[in-house]
Structure formats: structure tokens, C-alpha cells
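Peer 1: In UniProt numbering, the protein residues as written are 1 to 173.
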Amino acid sequence: MDIEFLKTSILEFVQNHRAYAPFVLGLMTFAESLAFISLLLPTMTILVAVGFILAAAEIPFWVAWSGAVCGAFLGNWLSYAIGQRLKETAYDVWPLSRHPKLVERGESFFQRFGPWAVFLGRFFGPIRAVIALIAGIFLMPQILFQAANLASASVWAFVILAPGAGLAHYLLW
Numbered sequence: 001m002d003i004e005f006l007k008t009s010i011l012e013f014v015q016n017h018r019a020y021a022p023f024v025l026g027l028m029t030f031a032e033s034l035a036f037i038s039l040l041l042p043t044m045t046i047l048v049a050v051g052f053i054l055a056a057a058e059i060p061f062w063v064a065w066s067g068a069v070c071g072a073f074l075g076n077w078l079s080y081a082i083g084q085r086l087k088e089t090a091y092d093v094w095p096l097s098r099h100p101k102l103v104e105r106g107e108s109f110f111q112r113f114g115p116w117a118v119f120l121g122r123f124f125g126p127i128r129a130v131i132a133l134i135a136g137i138f139l140m141p142q143i144l145f146q147a148a149n150l151a152s153a154s155v156w157a158f159v160i161l162a163p164g165a166g167l168a169h170y171l172l173w
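Right, here's the structure in full:
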């Protein structure tokens, strides 16, 4: 298969459907931030490449970023709510039940960093899958959780999309 044809096809597809870019990014970051699901989907690597594709398709960075922030924020919020509701029984739900060491590391991380764990945890792969859930289980105050959640979602979305977008501008223009 010709790589140039593949590149052109992907760019044309994204350009023709640019209105859906924030929504699709939101779904991807929602899945990446949602406890249980993020253990199954390897979207982080894809998200870094998406920044490049969006810039190459001339989709405004801040439009894509806003979709990514919304999805990441909502995914963590739902994980937090599940933790509040289910408490420790959430640890028995598959696929989390297959990763007891991850739960131990997440609890230790949360106890060590407190509210900062929600912010910092988003940047550490496996911890990202459980930290919001653990914050809910440990009954972290809602306002504190949401402040850390929004701040981390905003910075994280920038960090994953900006390198690709910047590289695209450097390489394509």
C-alpha cells in the first residue's frame, strides 16, 4: 500500500468531517480517563498522533483541545462518582479485579499526594485508570476533586495534542 495515498486519504477524511473532531476527541479522552475502560483501550499513543493529524487537516488547535478537555473531565468525574457509589466493591469489577497491584499503587499514590494525586495521576499511565475512582472511594470533597480534575484535564489535553500539532506545523509549512 502506498503511504502517500494513505496519508492523503486520512487527511481528506478528517478535513471532510472536521465538525466531528472535538466530539471524537472527547470520546477518546473520555475512554482514556474512565476507570475500567482505560485499562482496555490503548488510546494514549493514538491521541499523540491525532494532534499531528488535526493540525495537518487544518482543524484549529483550541477547538480540538476543548473536545479533549471535556472528555477527560467527564471520564474522571464519572469514575469519581462510581467510586463514591460503589466504594471498595468497585475493585471487584473486571478488569480492575485483575489488577490488584494497580489498586494498591493508586491508593498509596492518593494517600501520599492527597488532592494533588488527582492532578498528577492523570499524567501517569496506569494510575490514571484508577485515581479518580480512588478519590471517590476515599470521599475526597467534590469541589476539591473537580478543581483538580478540570486543571489536570486542561493541562493533559494540551500536553498530548500540542507536540503533534507543533510538529505538523514545523514539518508541513
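All C-beta atoms, glycine included, are put in the ideal place defined by N, C-alpha and C. None of these values were measured; they are calculated from a predicted model.
#1: Whole angstroms is fine: what's the gap from residue 148's alpha carbon to residue 109's?
#2: Helix, strand or coil for residue 156? Go by DSSP, reduced to three states.
#3: For residue 43, count neighbouring C-beta atoms within 10 Å of its own C-beta (all shown protein chains included) and say buried if the count is 16 or more, exposed if not.
#4: Can you check whether the CB of residue 157 is closer than 8 Å to the CB of residue 68?
#5: How should residue 93 be labelled, buried or exposed, when 16 other C-beta atoms within 10 angstroms of its C-beta is the threshold for buried?
#6: Less than 7 Å between C-beta atoms, sequence neighbours within five positions excluded: which residues of the same chain meet that for residue 48?
#7: Tell me the start and end of each unbroken alpha helix (DSSP H) in the UniProt domain "VTT" (41 to 165) that is at least 4 residues and wholly inside, in chain order.
#8: Beta-carbon separation of residue 46 and residue 83 under 8 Å?
#9: I need the DSSP call for residue 13, collapsed to helix, strand or coil.
Peer 2: Straight from the coordinates:
#1: One C-alpha to the other measures close to 15 Å.
#2: It is helical.
#3: Its Cβ being crowded by 16 or more others within 10 Å, residue 43 is buried.
#4: Between residue 68 and residue 157, the C-beta gap is smaller than 8 Å, which places the two residues in contact.
#5: Its Cβ having fewer than 16 others within 10 Å, residue 93 is exposed.
#6: The answer, listed in chain order, is 160, 163, 164.
#7: At a cut-off of 4 residues, the continuous stretches assigned as alpha helix (DSSP H) that sit fully inside the UniProt domain "VTT" (41 to 165) are 43 to 56, 61 to 86, 100 to 113, 116 to 121, 125 to 128, 131 to 137.
#8: With contacts defined as CB atoms closer than 8 Å, residue 46 and residue 83 fail to qualify as a contacting pair.
#9: Here residue 13 sits in helix by DSSP.
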